[in-house]
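Worksheet: the structure to be examined is printed underneath.
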Amino acid sequence: MIVYFSATGNSQFCAEWLADHRKDDLLDTFYYIRHGVSAELQSETPWVFVMPTYCWQMPRIVEDFILNAHFSGSRDAYFVMTCGGEVGNVEPNLRELCQRKALSYRGVLPVVMPDNYLVMFTPPDPTQAQRIIQKAQLTLQQGAQWMEEGKSFPSVETGRWDKVKSGPVNRAFYRFYVKAKKFYAKDTCISCGKCEHVCPLNNIKLEGGKPVWGTKCTHCMACIAKCPVEAIEYGKATKHKQRYLCPPYQGRENQQKGV
0 MIVYFSATGN SQFCAEWLAD HRKDDLLDTF YYIRHGVSAE LQSETPWVFV
50 MPTYCWQMPR IVEDFILNAH FSGSRDAYFV MTCGGEVGNV EPNLRELCQR
100 KALSYRGVLP VVMPDNYLVM FTPPDPTQAQ RIIQKAQLTL QQGAQWMEEG
150 KSFPSVETGR WDKVKSGPVN RAFYRFYVKA KKFYAKDTCI SCGKCEHVCP
200 LNNIKLEGGK PVWGTKCTHC MACIAKCPVE AIEYGKATKH KQRYLCPPYQ
250 GRENQQKGV
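According to our numbering, the sequence shown is numbered sequentially starting from 0.
Listed below in structure tokens is the structure:
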């Protein structure tokens with residue numbers, strides 16, 4: 000079973016690609032995360048957890064989802080992590096997580112996708128993004144082949160700073176940086192409520208027709224990226240930056256036809 004979390008579509012694209020090519024079941028974790036529901040899941044095929052990389056680690060909300068869920072059937076667990084460039088020293092945490100859930104860790108596959116963290120980076124233009132997505136599918140194809148052959152993903156090579164990035168830097172990122180207080184809606188807001196509905200932590204409420212952010216936030220960028228009129232900003236960091244949403248996966252048949 001392919002189990003995924005996605006905010007701006009990168010990980011959803013990869014999950015749907017894998018489900019299509021592996022003829023496997025697909026599960027979106029959004030409902031469980033938003034409502035705090037513990038999932039009861041069963042699969043005879045290996046578990047494939049697909050998620051974005053948050054500051055060189057798996058998102059904490061995804062880690063909590065896995066810890067709270069019950070998995071029966073297959074004990075093999077593969078991880079696919081979309082990233083802007085690298086996943087750092089994430090493997091020790093993934094191995095520990097699998098050990099706690101009595102799962103057999105079968106490796107992590109980093110998949111480079113267009114960077115969508117608007118707070119720090121500017122997404123590539125549509126042409127560049129399409130090239131990145133096309134290249135990512137070659138990585139997914141290799142990963143699917145390894146899984147089909149029953150092989151684990153190769154270990155991720157790490158450098159001297161990866162432990163620092165995935166450790167102290169990640170912890171500092173969550174402690175000091177991942178806050179909701181800088182989000183606001185401009186006067187161009189049309190009060191559609193889309194931001195409220197797409198927040199995975201149920202952290203946005205409309206008051207007087209305008210979104211108001213609570214204290215829970217994971218900086219997933221769903222509210223900014225999915226606003227139909229680009230009315231949401233994060234302080235000055237996102238001003239004048241183009242928004243990015245991954246184009247929807249069209250299916251293998253349509254891709255072969257060039258649709």
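No residue lacks a Cβ here, since even glycine has one placed at the ideal position from N, Cα and C.
| Query | Result |
| --- | --- |
| Environment of asparagine 67 [buried if 16+ CB atoms lie within 10 Å] | exposed |
| Residue range of the alpha helix (DSSP H) that includes aspartate 114 | Here aspartate 114 belongs to no alpha helix (DSSP H), and DSSP marks it neither H nor E. |
| Alpha carbon of lysine 256 to alpha carbon of glutamine 249, nearest angstrom | Only weak support is given to the placement of lysine 256: the predicted model assigns it a pLDDT of 43, under 50, and the value that follows is read from those uncertain coordinates. Going by the C-alpha atoms only, they are around 10 Å apart. |
| Residue of Met57, Val155, Tyr77 minimising C-alpha distance to asparagine 92 | Met57 |
| Contact under 8 Å by Cβ, asparagine 88 with threonine 157 | yes |
| Rounded straight-line distance, which links the Cα of isoleucine 189 to that of glutamate 95 | 45 Å |
| Proximity to isoleucine 132 [Cα-Cα], best of Asn115, Trp145, Glu147 | Asn115 |
| Among Lys225, Lys209, Lys181, the one whose alpha carbon lies nearest that of cysteine 198 | Lys225 |
| Close beta carbons around proline 246, own chain, < 6 Å, minus the five adjacent residues each side | none |
| Backbone secondary structure at tryptophan 55 - three-state DSSP | coil |
| Stretch-stretch touch, CB-based, cutoff 8 Å, three pairs: the stretch 75–84 with the stretch 48–63 | yes |
| Residues near valine 168 in its chain [Cβ-Cβ closer than 8 Å; skip 5 each side] | Cys54, Trp55 |
| Simplified DSSP assignment, three categories, for histidine 34 | helix |
| 3 or more residues per run - each beta strand (DSSP E) lying fully within the stretch 154–241 | 182–184, 203–206, 209–212, 231–233 |
| Reference lysine 235; option with closest CA among Phe175, Trp160, Lys180 | Lys180 |
| For tryptophan 46, the residue or residues it bridges with in DSSP | Ala76 |
| Reference methionine 220, options Gly72, Val177, Cys191, closest by Cα | Val177 |
| heavy atom of the ligand MG below 7 Å from asparagine 202 C-beta | In the structure shown, the ligand MG is absent, as is every other ligand, since no ligand is present at all. |
| Extent of the continuous beta strand (DSSP E) to which leucine 26 belongs | 25–27 |
| Beta carbon of aspartate 19 nearer than 8 Å to that of methionine 0 | no |
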